[in-house]
Each structure stands twice: as structure tokens, then as C-alpha cells.
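Report on the following structure.
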Amino acid sequence: MSVSEDKKSQDNSLERRKKRRFLSPEKKFQIYLESQSGKTQVGEILRREGIYSTDLARIRKQVKEGALERLSARPGARRKSVAQESYEALKKELEEKERALAEQAVELAILRKKTNGGSWER
Numbered sequence: 197m198s199v200s201e202d203k204k205s206q207d208n209s210l211e212r213r214k215k216r217r218f219l220s221p222e223k224k225f226q227i228y229l230e231s232q233s234g235k236t237q238v239g240e241i242l243r244r245e246g247i248y249s250t251d252l253a254r255i256r257k258q259v260k261e262g263a264l265e266r267l268s269a270r271p272g273a274r275r276k277s278v279a280q281e282s283y284e285a286l287k288k289e290l291e292e293k294e295r296a297l298a299e300q301a302v303e304l305a306i307l308r309k310k311t312n313g314g315s316w317e318r
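The opening position of the sequence shown corresponds to residue 197 in my numbering, with each subsequent residue numbered one higher.
Here's what the structure looks like:
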């Protein structure tokens, strides 16, 4: 095999590899609805969309989780959620302030002992 033939075979193998596709949420939901309708065979949908059965199973799972999460929400005022990063930052800040407060309490106790036992009159 010559160098040029080897390069051509590498180019062909790269062309054969599929590029990763990112489906939009709307497209995933469309695929889900079509697969659930029963009007077309699932295999036909998979071939047309260029996805595997595991991809469809993952889409079905995501739809189910999303639906359950949304349906479990109670009516009325919504709870506000905080991002995990902000929660961690606030928690760290609180711990630092509690530590500083404890140090101040110790210093205050020491100062009280010094003033009560000292020569200062009250």
C-alpha cells in the first residue's frame, strides 16, 4: 500500500464517522410524539432521524422526568430556588462570620475579666 492510498483510506474512514448531532428540545419532543402516535414504525423514525434506539429511550426518559417534575408542582406561589454556587458561597460566608463572632465573644470575655479584677472603679 502506498502512502497516497493510506491517506485516502484515512480520509474515507473520517468521512464514514458520523458527526455528533445535537437535537433541540423541540425536535426531541417531536420525535417522542411521533414515536408514541403509532402511525409510523419506530424503526422508520430512527432511520429517518439518524438516531439509535438508545437515543429514543433516553428521549422518552427525559420527557417522562420533565412531565413528572412539572406535574408535581403545586399551584400557587412558586418557590424560588438558588443556584448551587450561590448557596455554597453564602454558606461559606456564614461560617466565616460565625467564626469571627466566636472570636469576638472570647475577646469580650477576656476584657470583662480584666476590668472586673483591675483597679478601675465602677
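Ideal placement from N, C-alpha and C gives every residue a C-beta, glycine not left out. Fair warning: this is a prediction, and the values are worked out from it, not measured in the lab.
Check your understanding: Which first and last residues belong to the alpha helix (DSSP H) in which Gln-237 is found?
Key -> Where Gln-237 is concerned, there is no enclosing alpha helix (DSSP H), given that its DSSP letter is neither H nor E.
Check your understanding: Three or more C-beta pairs closer than 8 Å, one from the region 223 to 237 and one from the region 249 to 258: is that the case here?
Key -> yes
Exercise for review: From the DSSP output, in three-state form, read off Ser-282 for me.
Suggested key: helix
Check your understanding: Beta carbon of Gly-262: closer than 6 Å to some heavy atom of the ligand NAP?
Key -> Within the structure as shown, the ligand NAP is missing, as the structure has no ligands at all.
Review point. Considering only residues of the same chain and omitting the five flanking positions on each side of Ile-255, which have a CB-CB separation below 7 Å?
Key: Lys-224, Ile-227, Tyr-228
Exercise for review: Evaluate Leu-231 with the Cβ neighbour count: other Cβ atoms within 10 Å of its Cβ, from every protein chain shown; 16 or more gives buried, anything less gives exposed.
Suggested key: Here the sequence assigns Ser to residue 231, which means Leu is not the residue at that position. Label assigned to Ser-231: buried.
Exercise for review: Just confirm the distance between the C-beta atoms of Gly-246 and Arg-217, as a whole number of angstroms; I'd bet it's less than 8 Å.
Suggested key: 7 Å
Review point. Is Ala-296 helix, strand or coil when you go by DSSP?
Key: helix
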